[in-house]
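Using our numbering, read the sequence shown as starting at 348 and increasing by one per residue. Note that the Cβ used here is the ideal one computed from N, Cα and C, for glycine as well. Below is one structure, written out as structure tokens, with a few remarks after it.
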Amino acid sequence: MILLQINSISKYYGAELILSNIKLEVQNRDRVALVGRNGAGKSTLLKIIAGQLSHDGGEIMKPKGVSIGYLAQNTGLESKLSIWEEMLTVFSGLISQEKELRRLEESMADSAVFENEERYNRILKEYDELQVSFKENGGYQYEADIRSVLHGLQFAEYPPSTLISSLSGGQKTRLALGKLLLTKPDILILDEPTNHLDIETLSWLEQYLQGYHGGVLIVSHDRYFLDKVVNQVYELSRNNIKKFPGNYSRYLERKAEDYERDMKQFEKQQEEIEKLRDFVQKNIARASTTKRAQSRQKQLDKIQVMDRPQGDEKSASFSFEIEKQSGNEVINIHDLTIGYNSQPVSRGISMRITKGDSIALVGPNGVGKSTLLKTLMNFLPSLGGSYQFGTNVMVSYYDQEQAKLESNKKVLNELWDEHPLKPEKEIRTVLGNFLFSGDDVLKTVSSLSGGEKARLALAKMMLEKGNLLILDEPTNHLDLDSKIVLENALIDYPGTILFVSHDRYFINRIATKVFELSGNGAEEFLGDYDYYLMKKQEQAELLELEKQLNPSAVQHVEDKNSFKIDKEAKKKERQRKRRLEEIETEMENLEVIIKECNDLLCKPEIFQNHERVLEINTDLEKSQQQLDQLMEEWAELEELATE
348 MILLQINSIS
358 KYYGAELILS
368 NIKLEVQNRD
378 RVALVGRNGA
388 GKSTLLKIIA
398 GQLSHDGGEI
408 MKPKGVSIGY
418 LAQNTGLESK
428 LSIWEEMLTV
438 FSGLISQEKE
448 LRRLEESMAD
458 SAVFENEERY
468 NRILKEYDEL
478 QVSFKENGGY
488 QYEADIRSVL
498 HGLQFAEYPP
508 STLISSLSGG
518 QKTRLALGKL
528 LLTKPDILIL
538 DEPTNHLDIE
548 TLSWLEQYLQ
558 GYHGGVLIVS
568 HDRYFLDKVV
578 NQVYELSRNN
588 IKKFPGNYSR
598 YLERKAEDYE
608 RDMKQFEKQQ
618 EEIEKLRDFV
628 QKNIARASTT
638 KRAQSRQKQL
648 DKIQVMDRPQ
658 GDEKSASFSF
668 EIEKQSGNEV
678 INIHDLTIGY
688 NSQPVSRGIS
698 MRITKGDSIA
708 LVGPNGVGKS
718 TLLKTLMNFL
728 PSLGGSYQFG
738 TNVMVSYYDQ
748 EQAKLESNKK
758 VLNELWDEHP
768 LKPEKEIRTV
778 LGNFLFSGDD
788 VLKTVSSLSG
798 GEKARLALAK
808 MMLEKGNLLI
818 LDEPTNHLDL
828 DSKIVLENAL
838 IDYPGTILFV
848 SHDRYFINRI
858 ATKVFELSGN
868 GAEEFLGDYD
878 YYLMKKQEQA
888 ELLELEKQLN
898 PSAVQHVEDK
908 NSFKIDKEAK
918 KKERQRKRRL
928 EEIETEMENL
938 EVIIKECNDL
948 LCKPEIFQNH
958 ERVLEINTDL
968 EKSQQQLDQL
978 MEEWAELEEL
988 ATE
């Protein structure tokens, strides 16, 4: 059954054409990926389909009664309700039916009704019809569905009474996804649904979408996810769209095959045209061959000249070099404890990283992966244990939030100020390799998009020429083409890499070792992500075998460990929330002081008193510094909840 047809859709922003002659179809059980560069118009098209944005031409057709559910990028669920209460709002109709069923049951139990046969039969018929409807619409399983979705999205350990307003931004985004999944629309539209999901949650979402009853339309930069889920790919490029059957890997193969075939046909036609033109030029003036030349000219005029096949749009082009080699031992971590504000999130971390290693850090959100990187960079103090860098180690660090890229400098100056001895032409060439050309280099850094900031951060890293790259989610804001370029650059990199990523395809291409971080240390796996999965499966099978051989001992150990971990996690979460409340109160007080200082400086009698102005400015500067420090601590505590 066709759920959606889009025919010749076009969209302008002002005078700029964004989409042209877009055609797309979604049938029941279709799993459709929409791919293309950042800025190609993918999110715009999804918003048009969802009815959140108008279009300038074409039509959207869907059968009457077909429902569409849409989740935009980074949509957080804002609600004053608890987690359970908010999820129940999806089933308000069923809850009303359930109440009516209880009312009818009470009526039938009433002796006065029971003795009135006609009235009793009427209520019984109404009850039967309502019960059938209640059952068909999932009335007996909606609570189980809620528990299943909350468990899959890692909310199983949260009390159902937890207020949504107390959650972090990443958790609210996951809840928004969960609520949409529970509505079960005929067409599910997801724009970057894999943001804020750890690997375990991604695997659950893949399985959920594979069995989804309706059609799914997805924008995602996670290739592993797309390969597992989709069966069709639509590519948006140069304002137009093209359909490819199969998953993402098959799309890449077909795209390459189509380009090669089209180029051969184009070159063959160009040869034929050239031969005909050459014959006409040589023979049109001769009396003996004029007719043949005229015939060739007619043949030439009838040819529909093919356009030259357009290859991929321009990609970023870069490589990472090193200034000098490090010693063989790059980092030695021994029994390290990490956390925030003296509150540990992981203990007993021991790792040895040697020259040439490419190490992926994996583990669930909140276990401290980003915290470990920040501790190694000395942005956070260690809470125990030790770590040492080896000889000649030069570190380049990539922050997933690009926290240092909020300046009011121009893009050109952001790079040039750090390398003032390099000529402007060389700086512009580097920026051009990262797709900053023309007026792009004059943009203000703080105004850049997430993808542009990511490319600028990579450009800065490239010029540093460090022999150790520490990367925190380097692919988060990159489109699929830029990811491939980054992967190739890292594969050819002659130094050492330590990185955190939820992109399993990226881990598979880059990692030579995987360290799984937990609350009680780090476990080493000597291989890529697929090898890590295989070993984890083996461990699970061995544990299951031990359970069968000695179930009571294994259960006792499991229960004990689970209780300790759960108790510790809840304690840390309470401490984090308490500190957040304290910080917010302090920030409010400081903002009042800053406002009062600014108001005083505007008064003429104060403004003319230089000693008083100096005194107020000192207080103002001190309060502003305190506020900035509190803001930074607040952001770190919020990030700890979404890790």
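The beta carbon of T422 is closer than 6 Å to those of A523 in its chain, skipping five residues each way along the sequence.
The C-alpha of G703 lies about 8 Å from the C-alpha of I844. For D850 and N578, the gap between their C-alpha atoms comes out near 20 Å. Ranked by how close their Cα comes to the Cα of K519, the residues L573, L428 and R597 have L428 in first place. Collapsing the DSSP output to three states places A663 in coil. Taking C-alpha positions only, G412 is separated from R694 by approximately 54 Å.
According to the DSSP secondary-structure assignment, Q554 is paired through a beta bridge with no residue. Fully enclosed alpha helix (DSSP H) runs of no fewer than 4 residues occupy 637 to 649 of the stretch 631 to 706, in order along the chain.
The beta-bridge partner set that DSSP reports for P592 consists of Q579. In the DSSP annotation of this structure, the continuous segment of the beta strand (DSSP E) that includes F872 starts and ends at G868 to F872. The stretch 439 to 519 is shown to contain whole alpha helix (DSSP H) runs of 4 or more residues at 439 to 456, 458 to 462, 464 to 483 and 489 to 499, in chain order. In this structure, DSSP gives E406 an extended state, which the three-state scheme calls strand. The alpha-carbon separation between N587 and Y581 amounts to approximately 10 Å. In the displayed model, D787 falls within a helix according to three-state DSSP. DSSP, read as helix, strand or coil, puts T541 in coil.
Taking a C-beta distance under 9 Å as the contact criterion, L544 and R570 do not qualify as a contact pair. Here the stretch 666 to 677 makes contact with the stretch 811 to 819; the two share three or more CB pairs at distances below 8 Å. Selection I774, L683 and E929 evaluated against G732 yields L683 as nearest (Cα-Cα). In the three-state DSSP reduction, A380 falls in the strand class (E or B). In this chain, G797 is not harboured by any beta strand (DSSP E); it is covered by the alpha helix (DSSP H) spanning G797 to E811.
For T718, the enclosing alpha helix (DSSP H) has its first and last residue at K716 to L723. Per the DSSP secondary-structure output, D819 pairs in a beta bridge with V847. By the criterion of a C-beta distance shorter than 8 Å, G440 is surrounded in its chain by N484, once the five residues flanking it on both sides are discounted. The three-state secondary structure of E425, taken from DSSP, is coil. Excluding five sequence positions before and after F502, the CB atoms of its chain that fall closer than 7 Å to its own CB belong to I430, given in chain order.
Scanning its chain for C-beta atoms nearer than 7 Å, with the 5 sequence neighbours on each side dropped, one finds around I680 the residues I696, S697, M698 and Y734, in chain order. Per the coordinates, the alpha-carbon of L424 lies some 51 Å from the alpha-carbon of N956. Separation of M455 and I415 (C-alpha to C-alpha, rounded to the nearest whole angstrom) is 40 Å.
Minimum Cα-Cα distance from T822 among the listed residues A806, P841 and A801 corresponds to A801. Contact between the stretch 736 to 744 and the stretch 764 to 771 is absent, with fewer than three C-beta pairs closer than 8 Å.
By the beta-carbon neighbour count (other beta carbons within 10 angstroms, threshold 16), D839 is exposed. Within the same chain, Cβ atoms closer than 8 Å to the Cβ of V566 are found at A380, L381, V382, K389, S390, L393, L537, D538 and E539, the five residues on either side in sequence being excluded.
In the three-state scheme derived from DSSP, where H, G and I count as helix and E and B as strand, Q735 is classed as strand. Assigned with DSSP and collapsed to three states, V861 falls in strand.
Annotation: the continuous beta strand (DSSP E) that includes S367 extends over E363 to Q374. Counting along the chain, S829 sits inside no beta strand (DSSP E); it lies in the alpha helix (DSSP H) bounded by residues L827 to I838.
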